[in-house]
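Numbering (our numbering) for the sequence shown: 69 to 575.
Here is the structure we will look at, set down as structure tokens.
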Amino acid sequence: MTLQADDRDATIAELRIRLAEAEDTLAAIRNGEVDALVIRSAEDDQVFMIEGDGQSYRTFMEAMDTGASALDERGNVLYANRTALALLERSLEAIQGRPLRDALDAANAGRIDELLQHSSAQRHSLQLTFENGSGEDRHYLASSTPLRVGTVSGHAVTFTDVTERVRAEATEQSERAARAVIASANEAVVVCDRDGVVTHANAAAQAVYQRSPIGLRFGEAFPLVFPSATGLLQADDLVDMAVSGSAVQGIEAVATDAPDVKDFLISAAPLRVAGDHVSGCVVTMVDLSQRKAAEQHQLLLMAELDHRVKNTLALVMSISARTLHSEDTLEGFHRAFTGRIQALAATHNLLADRSWSNLMLKDVISSEFAPFVEQSTGRVTIEGLDISVAPRAAIAVGLIIHELTTNAVKYGAFSNDTGTVSIRSLGRSADDHALEFVWVESGGPPVSEPTRKGFGRTVIARSLQYSPHGRCDLDFRPTGVVCRFSIPTEDLVGERKLFGSTAVTGR
69 MTLQADDRDA
79 TIAELRIRLA
89 EAEDTLAAIR
99 NGEVDALVIR
109 SAEDDQVFMI
119 EGDGQSYRTF
129 MEAMDTGASA
139 LDERGNVLYA
149 NRTALALLER
159 SLEAIQGRPL
169 RDALDAANAG
179 RIDELLQHSS
189 AQRHSLQLTF
199 ENGSGEDRHY
209 LASSTPLRVG
219 TVSGHAVTFT
229 DVTERVRAEA
239 TEQSERAARA
249 VIASANEAVV
259 VCDRDGVVTH
269 ANAAAQAVYQ
279 RSPIGLRFGE
289 AFPLVFPSAT
299 GLLQADDLVD
309 MAVSGSAVQG
319 IEAVATDAPD
329 VKDFLISAAP
339 LRVAGDHVSG
349 CVVTMVDLSQ
359 RKAAEQHQLL
369 LMAELDHRVK
379 NTLALVMSIS
389 ARTLHSEDTL
399 EGFHRAFTGR
409 IQALAATHNL
419 LADRSWSNLM
429 LKDVISSEFA
439 PFVEQSTGRV
449 TIEGLDISVA
459 PRAAIAVGLI
469 IHELTTNAVK
479 YGAFSNDTGT
489 VSIRSLGRSA
499 DDHALEFVWV
509 ESGGPPVSEP
519 TRKGFGRTVI
529 ARSLQYSPHG
539 RCDLDFRPTG
549 VVCRFSIPTE
559 DLVGERKLFG
569 STAVTGR
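Here you go:
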């Protein structure tokens, strides 16, 4: 606050009076006229006897282990001992007669104002923080008590160094927080000292070998093998590197003797509690079992995809070559080849939609009828074929049904407006090695066995012969074509015996 000239002069005059009173008090002490120093508080009065020569008052303050200063009631410095002056980094001449707050930074100045305000009637304390010449924070407990020496009223202010206590409390708090973090971590967390001995381990770490590792060297507590390190890297080497100050990130390891989880991703980092001093290391062990399982599954899928692509390409090449030999014109080849590839694609679409699993026979059959049978005609019925089959069986059945359907459109039940097709399950074969079902045409033109055997009949006869128990037999009855299917039992993924019939409709 800015003072007017008159107010400033009055303040200076009053300060001079108080300094004169302080000098009178000190002179009285030197002359032996003051026997004691009385510090008043709300609870009681503290009396300090002053004896000896004229320097006994200052000798009394200088003998104190803590920083000590005497202030008048306005907070101006009357005297400060060497400890207080070293803390403030000021000389007595520089601060004597001036407010103590002027010797402090802004933050501590405000705290001193608060301290003196609350200690006008009784003792009050609060904490201050100073930065020393090395850039480290030092913490002091500043205490103020009402003081009266002779005719001078004011404050006795002391500064007690509590840095070690504050640091110990901070360390303890950090330790509690660290333990809470370690305990709540999902992955295994291990803390080792500089000798590599485990000092802390959370529940996940103790579960690796189902025992407490505390007190053991890390390599002894967690026997690990590093496949990518050709035997040169050992578990204790990670700890040694971390303790020396070098962090290690993401090393794959195998806990060969662990009862459950085997694969881990290991990381180790230096543990610095105070400053740059490394007091140990922290090792994390991330469970890789799910990732390894996913990688293995992906490899299997890739191998399966490669196998299926090769098989499909081989099948396409065979269809192309066989169709070429069985057709007399380019137009005929194009029509027959395209139809067969479309039949193959329809089955593949169903397999893709179901991730190559749980494909129903009735869905395979329905997809092949769809391009030829009008919606809601009721000319096709399927009975008892809500049965899941393996992909190879689905592809074979799809190709056969396509050949039967195109033949029925050209010459059989679908070549007029009255013919129908019934496809029904016959159950298991007598030897239980196959599931049998039958295609029966009726209501179409009279049928006789063709004199020319085309590729379509080859597809029907051979598509299911990948297994000794798989086959497909054609019978050209006058009333309509009958085709009997045998699907190997090993290709039945699941069988549900449902009764009744399902009408199949198409576009």
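Ideal Cβ positions, reconstructed from N, Cα and C, are used throughout, including at glycine.
Since the model is a prediction, treat every value here as computed from it, not as a measurement.
Query                                                                                                                         : Result
Same chain only: Cβ atoms within 6 Å of Leu-301, ignoring 5 sequence neighbours per side                                      : Phe-294
Chain-order list of residues whose beta-carbon lies under 6 Å from that of Arg-206 (same chain, five-residue window excluded) : Phe-198, Asn-200, Thr-231
N-terminal and C-terminal residue of the alpha helix (DSSP H) that Asp-331 is part of                                         : Looking at the DSSP string, Asp-331 is not in any alpha helix (DSSP H); the run it does join, the beta strand (DSSP E), is 331 to 340.
Nearest-angstrom Cα separation, counted from Phe-290 out to Gln-278                                                           : 11 Å
Member of Thr-449, Ser-221, Ile-180, Ala-238 whose CA lies at the smallest distance from the CA of Gln-195                    : Ile-180
Neighbour-count burial assignment, Asp-113, 16 or more Cβ in a 10 Å radius                                                    : Here Asp-113 scores only 49 on pLDDT, less than 50, and its place in the model should not be relied on; the value that follows carries that caveat. Classification for Asp-113: exposed.
Identity of the residue in Gly-487, Gln-410, Lys-521, Glu-504 nearest Gly-511 by Cα                                           : Gly-487
Cβ-based neighbour list, Val-457, same chain, cut-off 7 Å, excluding 5 preceding and 5 following                              : Leu-427, Leu-429, Ile-555, Asp-559, Leu-560, Val-561
Ile-491 versus Leu-398: straight-line alpha-carbon distance, rounded                                                          : 34 Å
First and last residue of the uninterrupted beta strand (DSSP E) at Val-346                                                   : 346 to 355
Presumed contact (8 Å Cβ cut-off) between Leu-292 and Val-316, rounded CB distance                                            : With 8 Å as the limit, Leu-292 and Val-316 do not qualify as a contact, their Cβ atoms being about 13 Å apart.
Distance between Gly-495 and Glu-451 (C-alpha atoms, nearest Å)                                                               : 11 Å
Candidates Ser-493, Pro-459, Ala-148: closest to Gly-135 by CA position                                                       : Ala-148
Beta bridge counterpart(s) of Glu-320 as assigned by DSSP                                                                     : Leu-333
Close Cβ partners of Gly-407 (< 8 Å) along its chain, the five nearest in sequence each way excluded                          : His-470, Thr-474
Rounded C-alpha distance that separates Asp-541 from Glu-509                                                                  : 14 Å
Pairwise C-alpha distance: Ala-404 and Thr-557                                                                                : 31 Å
Exposure of Arg-447, with buried meaning 16 or more beta-carbon neighbours within 10 Å                                        : buried
Three-state secondary structure (DSSP) of Pro-556                                                                             : strand
Any 3 or more C-beta pairs closer than 8 Å across the region 162 to 180 and the region 139 to 148                             : yes
Start and end residues, alpha helix (DSSP H) containing Asp-304                                                               : 303 to 311
Whole-angstrom distance between Gln-364 and Val-432, CA atom to CA atom                                                       : 30 Å
Distance, Met-353 Cα to Val-307 Cα                                                                                            : 13 Å
Start-end ranges of the beta strand (DSSP E) lying completely within the region 190 to 226, minimum 3 residues                : 192 to 199, 205 to 217
Of the residues Ala-210, Leu-172, Gly-524, the one placed nearest Lys-478, counting alpha carbons only                        : Gly-524
Burial state of Met-370, where buried means 16 or more other Cβ atoms lie within 10 Å                                         : exposed
Val-249 to Ala-256 span [Cα, whole Å]                                                                                         : 12 Å
Per-residue DSSP class, three states only, for His-186                                                                        : helix
For Tyr-479, the residue or residues it bridges with in DSSP                                                                  : Answer is none; Tyr-479 lacks a bridge partner.
Under the three-state DSSP convention, the category Arg-285 falls into                                                        : strand
Top-ranked residue by Cα proximity to Val-225, from Leu-172, Arg-233, Thr-213                                                 : Thr-213
Environment of Ala-129 [buried if 16+ CB atoms lie within 10 Å]                                                               : Per the sequence presented here, residue 129 reads as Met, with Ala not at that position. It counts as buried.
CA-to-CA distance, Lys-360 to Thr-547, given in whole angstroms                                                               : 60 Å
Glu-451: first and last residue of the uninterrupted beta strand (DSSP E) it sits in                                          : 448 to 451
Short Cβ contact (8 Å threshold) for Arg-244 with His-268                                                                     : no
Leu-356 versus Val-350: straight-line alpha-carbon distance, rounded                                                          : 19 Å
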